[in-house]
Amino acid sequence: MLEALGLSTVNESVYRAMLTHPALDVAGLAAHLDLDPAQVHAALDVLADLALVRLDDTDGTARAVRPQTGLAALLAKVEADIAVRQQQIEAVRAAIADIAVTHEQHEVVLRLEGIDAVRDRLAELARTATTECLSFSPGGAQPADTLHAEAPLNAAALDRGVRIRNVYQDSFRNDPATLAHARRMATLGSESRTVPTLPMRLIIVDRSIALTPIDPREPRLGALELRSPGLVAGLLALFDQVWQQGSPFGEVPGARAGELTPQERALLQLFADGHTDESAARQLGISARSVQRLMNALTERLQASSRFQAGVEASRRGWI
């Protein structure tokens, strides 16, 4: 009945049972509903994420939030999300129309169809670049053919005095080929940093031309070449912000004693934002199994018995 609010049948049954029998603990709820305790723990994690369950400050037990407050607030959030999504759709529609007009009237947006067209254009830009090349490389392992194609072009640009700055995801350090490529470029003068997540694939040349994927989910479909000063300025600001937050290549992203690594902090924030193991893995450029391993380690480190309790403890420590 409440699937539209993000609750499965099991989650809803646990929530209803907590409202009807507030004295039941996890074992009691499992027995009452004929569920495995692990299912109850998982349901509590979901209910906590949806602000339908809170920890009692007096005894640390989980308490169900009154439906007049919890469900009503959740419904209002869903309605607000729909309204925001509709606004985003309208904004995207307007942006598409603007790009189309710009392309037709001023030719400041070019569509490069397919990966070969993109590589040909990048080769041309690498040969003509005079000052700087910036890039985001999301995901972990970079395609071998991409690394092979860009290595000599980057080397030639660096030899001409062009500054090259790359931002990879932290997970790239797990791929020997990508790591070797970054090390080889570093010896030639290229600068690289890493961050836990990247918004998209991006290349900016001489602070005046930017290439972004036609579809970020399928970069091999092609790219848009942007020359509009306003669009490029916005992408430059995004690059500079991410660059400042990155860990320089050669330094393993870490944390001071008692704190989180950037990747751990990003993982907790992704779960706080409602991501599943699979979607968090895609954002971080790692496997779902790695996500589970990281989260299990964090839960153990926080001495928590569930992800919900781990989130509460991480929040209490000011980690998220």
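One point on numbering: in full-length UniProt numbering, the residue at position 37 of the sequence shown is 37, and numbering is uninterrupted.
Note that CB positions come from ideal geometry on N, CA and C, so glycine has one too.
Taking C-alpha atoms, which residue in Gly6, Asp34, Pro196 and Ala31 lies nearest to Gln283?
Of the candidates Gly6, Asp34, Pro196 and Ala31, the one whose C-alpha sits nearest the C-alpha of Gln283 is Pro196.
Thinking C-beta only, is Asn11 closer than 8 Å to Val53?
Their beta carbons are not under 8 Å apart, which means Val53 does not touch Asn11 by this criterion.
What does the Cβ neighbour count give for Gln86, buried or exposed, with the cut at 16 atoms within 10 Å?
With fewer than 16 Cβ atoms within 10 Å of its Cβ, Gln86 is classed as exposed.
Rounded separation between Val205 and Gly161 - CA only
Cα to Cα, the separation comes out at about 14 Å.
Using the C-alpha atoms, what's the distance from Ala272 back to Gly28?
Between the C-alpha atoms of Gly28 and Ala272 there is a straight-line separation of about 27 Å.
When you compare the CB of Leu236 with every CB in chain D, is at least one pair closer than 8 Å?
The question asks about chain D, but that chain is absent: this structure has only one protein chain.
Considering only the alpha carbon of each residue, which of Arg307, Arg289 and Val312 lies closest to Ala38?
Comparing Cα positions, the closest option is Arg307.
Below 8 Å on the Cβ atoms is my guess for Asp215 versus Leu221; work out the distance and round it to an integer in Å.
With a Cβ gap of about 5 Å, Asp215 and Leu221 count as contacting.
To the nearest whole angstrom, what separates the beta carbons of Ala126 and Ala156, a pair I think is in contact under 8 Å?
Contact holds; Cβ gap of about 7 Å.
Which value, in whole angstroms, describes the spacing of the CA atoms of Gln105 and Asp120?
Summary for Gln105: the model assigns pLDDT 48, below 50, so the residue's position carries little reliability; its value from the coordinates is reported in the next sentence. Their Cα atoms are separated by approximately 25 Å.
Just reading off the beta strand (DSSP E) that Gly222 is part of, what are its end residues?
In this chain, the beta strand (DSSP E) harbouring Gly222 covers Gly222 to Leu226.
How is the alpha helix (DSSP H) around Leu50 delimited, first residue to last?
No alpha helix (DSSP H) contains Leu50, which DSSP labels as neither H nor E.
Using DSSP with H/G/I as helix, E/B as strand and the rest coil, what is Leu35?
If DSSP states are grouped into helix, strand and coil, Leu35 belongs with coil.
C-beta contact flag for Val232 and Leu267 at 8 Å:
At least 8 Å separates the beta-carbon of Val232 from that of Leu267.
Which of the three DSSP states is assigned to Ala257 in this structure?
Reliability fails at Ala257, whose pLDDT of 47 lies under 50, so the model's placement of it is uncertain and the value that follows must be treated cautiously. In the structure shown, Ala257 sits in coil (DSSP, three-state: anything other than H, G, I, E or B).
Check whether Gln263 and Asp175 have beta carbons under 8 Å apart:
Going by C-beta atoms, Gln263 is not nearer than 8 Å to Asp175.
Can you name the start and end residues of the beta strand (DSSP E) that Ser192 belongs to?
For Ser192, the enclosing beta strand (DSSP E) starts and ends at Glu191 to Val195.
Whether Pro138 touches Gly246 by CB criterion (8 Å):
No, the Cβ-Cβ distance between Pro138 and Gly246 is not below 8 Å.
So, at 7 Å on beta carbons, what are the nonlocal neighbours of Gly189 in its own chain, with the 5 sequence-adjacent residues on each side left out?
Cβ neighbours of Gly189 beyond the five flanking positions: Leu158.
Backbone secondary structure at Leu24 - three-state DSSP
Of the three classes helix, strand and coil, the one that applies to Leu24 here is coil, per DSSP.
Measuring only the C-alpha atoms, how far is Ala281 from Gly274?
Distance between the alpha carbons of Ala281 and Gly274: 13 Å.
Through-space distance from Asp277 to Leu211, alpha-carbon basis:
If you take the alpha carbons of Leu211 and Asp277, they lie about 30 Å apart.
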